[in-house]
Amino acid sequence: FRFKDSLAQDLCEADLVISHAGAGSCLETLEQGKPLVVVINEKLMNNHQLELAKQLNRDGHVLCCNCSTLVDTLQSMDLSTLKPFPPGRPEKFALFLDKVVGFQ
Amino acid sequence: TGGHTTEILRLLSCLSESYSPRHYIFADSDKMSEAKIRSFEQKRAETFSNSQFTLDRIPRSREVRQSWASSVVTTLYSMLYSLPLTYKRKPDVILCNGPGTCVPVCIAALLLGLLGIKRAIIVYIESICRVETLSLSGKILYYFSDYFIVQWPELKEKYPKSIYLGRIV
Chain H
409 FRFKDSLAQD LCEADLVISH AGAGSCLETL EQGKPLVVVI NEKLMNNHQL
459 ELAKQLNRDG HVLCCNCSTL VDTLQSMDLS TLKPFPPGRP EKFALFLDKV
509 VGFQ
Chain X
54 TGGHTTEILR LLSCLSESYS PRHYIFADSD KMSEAKIRSF EQKRAETFSN
104 SQFTLDRIPR SREVRQSWAS SVVTTLYSML YSLPLTYKRK PDVILCNGPG
154 TCVPVCIAAL LLGLLGIKRA IIVYIESICR VETLSLSGKI LYYFSDYFIV
204 QWPELKEKYP KSIYLGRIV
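Sequence lines, in order, name chains H and X. So for the first sequence, the working numbering puts the first residue at 409; every next one is plus one. So for the second sequence, the working numbering puts the first residue at 54; every next one is plus one.
Written out as structure tokens, the structure reads:
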């Protein structure tokens, strides 16, 4: 398919996700607890988009490769090395804002 | 725009109903945010019966990679819309997270504050995508916001006046 409104269903059913380094794709996949291989194409991307993919890789949440190393990566990868990605905590923001605004 | 809207709605998810009415401002070229916002507010209305919100569009103030000089012009143009709109809504708190749209709104709010008409607390939350560098909106609003929140420790080190609460979206 070319485009869907939501990938949630497909993500739910997947065992492995191979994706570009878009933030939405990465985060949605990690939040569903699926192993993720991020393919980076430095020529096509804004520099800042790489920041998140690289950090997630450093923190051990995703595997990274580029187009030419994808096949090798898939053949030699060990998904058990990937660490779970804890969800963000918007409640911390709510607590902070309540203090700032004076609702306590 | 898309990613920004998703992030800001997550930030709103834990706010109490004291934060009401909610006024959403987004770019006129944005096709997807309205649906996301309505969906969020509809769900919210299931829990909080008196939920109120408004939706407004202003011209998009900058395209990706638009030159600095022309961005100033397009931002000034957006301000022709953001100024009367901010005056009309008179927000107590402004939450923004980085699309170009937030700059004309915040400038309008700052002006209204300087003129003694309405002082808003400006809270800027940089996107989770920003790990090592700030967005252009972030670089500007770092100096003009009341509270500037980053989501990665490296940014907290680079921008000491910022606030780090960990990942919040």
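C-beta atoms are modelled at their ideal positions from N, C-alpha and C, and glycine is treated no differently.
Practice task
Kindly provide the ranges of any beta strand (DSSP E) runs that are 3 or more residues long and lie completely inside the stretch 80 to 148 of chain X, ordered along the chain.
Solution key: Note on the stretch 80 to 148 of chain X: whole beta strand (DSSP E) runs with a minimum of 3 residues are 106 to 111, in chain order.
Practice task
Measuring only between beta-carbons, confirm whether residue 419 of chain H sits less than 8 Å from chain X.
Solution key: Taking 8 Å as the threshold, the shortest C-beta distance from residue 419 of chain H to chain X does not fall below it.
Practice task
Assign residue 465 of chain H to one of three DSSP states: helix, strand, or coil.
Solution key: Annotated three-state conformation of residue 465 of chain H is helix, per DSSP.
Problem - Between the CA atoms of residue 451 of chain H and residue 98 of chain X - distance to the nearest angstrom - result: When the Cα atoms are used, residue 98 of chain X and residue 451 of chain H turn out to be separated by approximately 45 Å.
Practice task
If I'm right that residue 218 of chain X touches residue 511 of chain H with Cβ under 8 Å, what's the distance once you round it to whole angstroms?
Solution key: The Cβ separation is near 17 Å, so there is no contact.
Handout entry: Three-state class that DSSP yields for residue 200 of chain X in the structure shown
Key = In the structure shown, residue 200 of chain X adopts extended strand secondary structure according to DSSP, grouped into three states.
Handout entry: Minimum Cβ-Cβ distance from residue 194 of chain X to chain H less than 8 Å
Key = Chain H contact via Cβ: absent.
Exercise for the section: Please decide whether residue 441 of chain H counts as near chain X, where near means a Cβ-Cβ distance under 8 Å. Expected result: No, no contact with chain X.
Exercise for the section: Select from the stretch 128 to 154 of chain X all residues with a C-beta closer than 9 Å to any C-beta belonging to chain H, and list them in chain order. Expected result: Cβ contacts with chain H come from 145, 146 and 148.
Handout entry: Alpha-carbon spacing of residue 117 of chain X relative to residue 471 of chain H, whole angstroms
Key = Cα to Cα, residue 117 of chain X sits roughly 28 Å from residue 471 of chain H.
Practice task
List the residues of chain H whose Cβ lies closer than 8 Å to the Cβ of residue 182 of chain X, in chain order.
Solution key: Simply 431, 456, 457, 459 and 460.
Handout entry: Positions along the stretch 476 to 498 of chain H whose CB lies within less than 9 Å of some CB in chain X
Key = Hits within the stretch, in order: 494, 495, 496, 497 and 498.
Practice task
For residue 176 of chain X, go through chain H and note every residue whose CB falls closer than 8 Å to its CB, in chain order.
Solution key: Chain-order list of chain H residues neighbouring residue 176 of chain X: 505 and 508, by C-beta distance under 8 Å.
Handout entry: Enclosing alpha helix (DSSP H) for residue 478 of chain H [first to last residue]
Key = Residue 478 of chain H -> alpha helix (DSSP H) spans 478 to 484.
Problem - For residue 85 of chain X, the nearest candidate out of X:64, X:57 and X:125 (CA to CA) - result: Considering only alpha carbons, the answer is X:57.
Problem - Cutoff 7 Å; reference residue 132 of chain X; Cβ partners in own chain excluding five residues on either side - result: Closer than 7 Å at the Cβ level, and outside the excluded window around residue 132 of chain X, lie 157, 160 and 161.
Exercise for the section: Look at the alpha carbon of residue 220 of chain X and the alpha carbon of residue 434 of chain H, and state the distance between them as a whole number of angstroms. Expected result: One C-alpha to the other measures close to 15 Å.
Problem - Residue environment, residue 88 of chain X, which counts as buried when at least 16 other CB atoms sit within 10 Å - result: Classification of residue 88 of chain X: exposed, given that the 10 Å Cβ count is below 16.
Exercise for the section: Could you tell me the distance, in whole angstroms, from the CA atom of residue 486 of chain H to the CA atom of residue 456 of chain H? Expected result: Each residue's Cα considered, the two are about 28 Å apart.
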